[in-house]
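J.: Letter by letter, the sequence shown follows residues 1 to 259 in the UniProt record's numbering.
Here you go, one structure.
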Amino acid sequence: MERKDFETWLDNISVTFLSLTDLQKNETLDHLISLSGAVQLRHLSNNLETLLKRDFLKLLPLELSFYLLKWLDPQTLLTCCLVSKQWNKVISACTEVWQTACKNLGWQIDDSVQDALHWKKVYLKAILRMKQLEDHEAFETSSLIGHSARVYALYYKDGLLCTGSDDLSAKLWDVSTGQCVYGIQTHTCAAVKFDEQKLVTGSFDNTVACWEWSSGARTQHFRGHTGAGPISNIASSLKSSLIPLGRVSHSPWCFPSKR
């Protein structure tokens, strides 16, 4: 059949087909399928799924798509982002969805930030960190080797870690490099606190001492607590004129601090 005659025939058949009832249309299709060969059946199989399903994120207005996305959990949304570039674009642009996801993780939401991609990245970063915590992979561990006895006291500040040990010494470590910055001989240490110039230690012998980092010299020595139990807590900033101390026996004490 010539192309022009085929088009005329197809138009006439289409008009007649549209006038049929649903049952008659189904019978017509069944008859055509029975007459079809492998090429026609393969063509029908390839196009049937596309004909039966609709891409609602592509066809619906953006506002309706956002409304529907709010009913999905974040993990399902992330899976949907893999369907197509269009789906990823629409889902990643829904600010409310990703703000809610972050809020459910306990994140404090700044409503002035309406960039959906920002909140999606915040959520993904938080989920990754939670997975790392669950798998015990969130933090790198390293050992600081230097004391010869048990370490009883730790104090961290601005990238520096002070350790006090039962070996009668205290050390200051650079956490980023693992190097010992200072090491001085002290009494047994149950509590430590430091600033740039000095170290304050609380001991198991119920005394408190101040030390200079640079020279290692003891500049002050206080004795006030009595009874069992070490000095277990040094409470305030070392820049204060008083150093509040605590002991496991629950009796606080204050000593004057030389500036």
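We put the CB at the ideal spot given by N, CA and C, even for glycine.
All of these numbers come straight from a predicted model, not from anything done at the bench.
So, at 7 Å on beta carbons, what are the nonlocal neighbours of Arg150 in its own chain, with the 5 sequence-adjacent residues on each side left out?
T.: As a position in the sequence shown, residue 150 is number 150, starting the count at 1. Contacts found: Ser165, Asp166.
J.: Let's see if you can read the secondary structure: which residues bound the alpha helix (DSSP H) around Thr141?
T.: The residue labelled residue 141 in the question sits at position 141 within the sequence shown. That residue, Thr141, is in no alpha helix (DSSP H); it is neither H nor E in DSSP.
J.: In three-state DSSP terms, what is Trp211?
T.: Your numbering for residue 211 matches position 211 in the sequence shown. Looking at Trp211 - three-state DSSP - the assignment turns out to be strand.
J.: So, are the CB atoms of Leu69 and Cys94 less than 8 Å apart?
T.: Mapped onto the sequence shown, residue 69 falls at position 69. Mapped onto the sequence shown, residue 94 falls at position 94. The answer is yes: Cβ separation under 8 Å.
J.: Is the segment 155-174 close to the segment 185-196, with three or more CB pairs under 8 Å?
T.: The segment 155-174 vs the segment 185-196: in contact.
J.: Can you say whether Thr201 is buried or exposed, counting buried as having 16 or more other CB atoms within 10 angstroms of its CB?
T.: Within the sequence shown, numbered from 1, the residue matching residue 201 stands at position 201. The residue is buried, with at least 16 neighbouring Cβ atoms inside 10 Å.
J.: Could you please give me the residues that DSSP links to Ile184 through a beta bridge?
T.: Taking the sequence shown and counting its residues from 1, the one referred to as residue 184 is at position 184. Looking at the DSSP assignment, Ile184 forms a beta bridge with Ala170.
J.: Starting from Ser14, trace the alpha helix (DSSP H) both ways and give me its first and last residue.
T.: Here residue 14 refers to the residue found at position 14 of the sequence shown. Segment 3-18, the alpha helix (DSSP H) holding Ser14.
J.: Give me, in chain order, the residues of the same chain whose beta-carbon lies closer than 7 Å to that of His250; leave out the 5 immediate sequence neighbours on both sides.
T.: To locate residue 250, count along the sequence shown from 1; it is residue 250. Legend: pLDDT at His250 = 48, less than 50; position of this residue unreliable, value from coordinates given subsequently. Result list for His250: empty, nothing under 7 Å.
J.: According to DSSP, what are the bridge partners of Ser165?
T.: Position 165 of the sequence shown holds residue 165. According to DSSP, which records beta bridges pairwise, Ser165 is partnered with Val151.
J.: For Ala116, collect the residues of the same chain with a Cβ closer than 7 Å to its Cβ; drop the 5 residues on either side in sequence, then sort them by chain order.
T.: What you label residue 116 is simply residue 116 of the sequence shown in a count that begins at 1. Answer for Ala116: Ser92, Ala93, Cys94, Thr95, Trp98, listed in chain order.
J.: Considering just the uninterrupted stretch of the beta strand (DSSP E) at Gln220, what are its terminal residues?
T.: Taking the sequence shown and counting its residues from 1, one reaches residue 220 at position 220. First-last of the beta strand (DSSP E) with Gln220: 218-223.
J.: Taking the alpha carbon of residue 265 as the reference point, which residue from Asp73, Leu168, Arg223, Tyr156 has its own alpha carbon closest?
T.: What the structure shows of the chain is the stretch from 1 to 259, and residue 265 is not part of that stretch, so it cannot be assessed.
J.: Confirm, please, whether the CB-CB distance from Ala153 to Leu199 is below 8 Å.
T.: Position 199 of the sequence shown holds residue 199. Position 153 of the sequence shown holds residue 153. Not a contact, by the Cβ cut-off of 8 Å.
J.: Mind checking who Leu78 pairs with in its DSSP beta bridge?
T.: The residue you call residue 78 lines up with position 78 of the sequence shown. According to DSSP, which records beta bridges pairwise, Leu78 is partnered with nothing at all.
J.: To the nearest angstrom, how far is it from the Cα of Val248 to the Cα of Glu212?
T.: Taking the first residue of the sequence shown as 1, we reach residue 248 at position 248. Taking the first residue of the sequence shown as 1, we reach residue 212 at position 212. At Val248 the pLDDT is 47, less than 50, meaning the model places this residue with poor confidence and gives no usable figure here.
J.: Within 8 Å, do at least three Cβ pairs link the segment 46-60 to the segment 82-90?
T.: In short, these stretches touch, since the Cβ pair count reaches three.
J.: DSSP three-state call for Ser92: helix, strand or coil?
T.: In the sequence shown, the residue the question calls residue 92 occupies position 92. Three-state result, Ser92: helix.
J.: For Leu242 and Ser203, what's the separation of their Cα atoms in angstroms?
T.: Within the sequence shown, the letter at position 242 stands for residue 242. Within the sequence shown, the letter at position 203 stands for residue 203. Residue confidence for Leu242 is low, a pLDDT of 48 falling below 50, so the modelled location carries little weight; the figure read from the coordinates is stated next. If I take the Cα positions, the gap works out to 18 Å.
J.: Can you check DSSP and say which residues form a bridge with Tyr156?
T.: Position 156 of the sequence shown, counted from the first residue, corresponds to residue 156. Leu161.
J.: Tell me which residue opens and which closes the alpha helix (DSSP H) that Leu105 is part of.
T.: Position 105 of the sequence shown, counted from the start, is the residue given in the question as residue 105. Run containing Leu105: none; DSSP gives neither H nor E here.
J.: Report the rounded CA-to-CA distance for Trp119 versus Ser65, giving the unit in angstroms.
T.: On the sequence shown, residue 119 is found 119 positions in, with the first residue counted as 1. On the sequence shown, residue 65 is found 65 positions in, with the first residue counted as 1. Taking the straight line joining both Cα atoms gives about 18 Å.
J.: When DSSP labels each residue in this structure, what does Thr201 get in the three-state scheme?
T.: As a working mapping, residue 201 is identified with position 201 in the sequence shown. Correct three-state label for Thr201: strand.
J.: How would you write the range of the alpha helix (DSSP H) that Val122 sits in, first residue to last?
T.: Here the question's residue 122 lines up with position 122 in the sequence shown. Val122 -> alpha helix (DSSP H) spans 116-134.
J.: Should Leu160 and Ala126 be called a contact, given that it needs their Cβ atoms to be closer than 8 Å?
T.: Your numbering for residue 160 matches position 160 in the sequence shown. Your numbering for residue 126 matches position 126 in the sequence shown. In this structure, Ala126 does not lie closer than 8 Å to Leu160 by Cβ.
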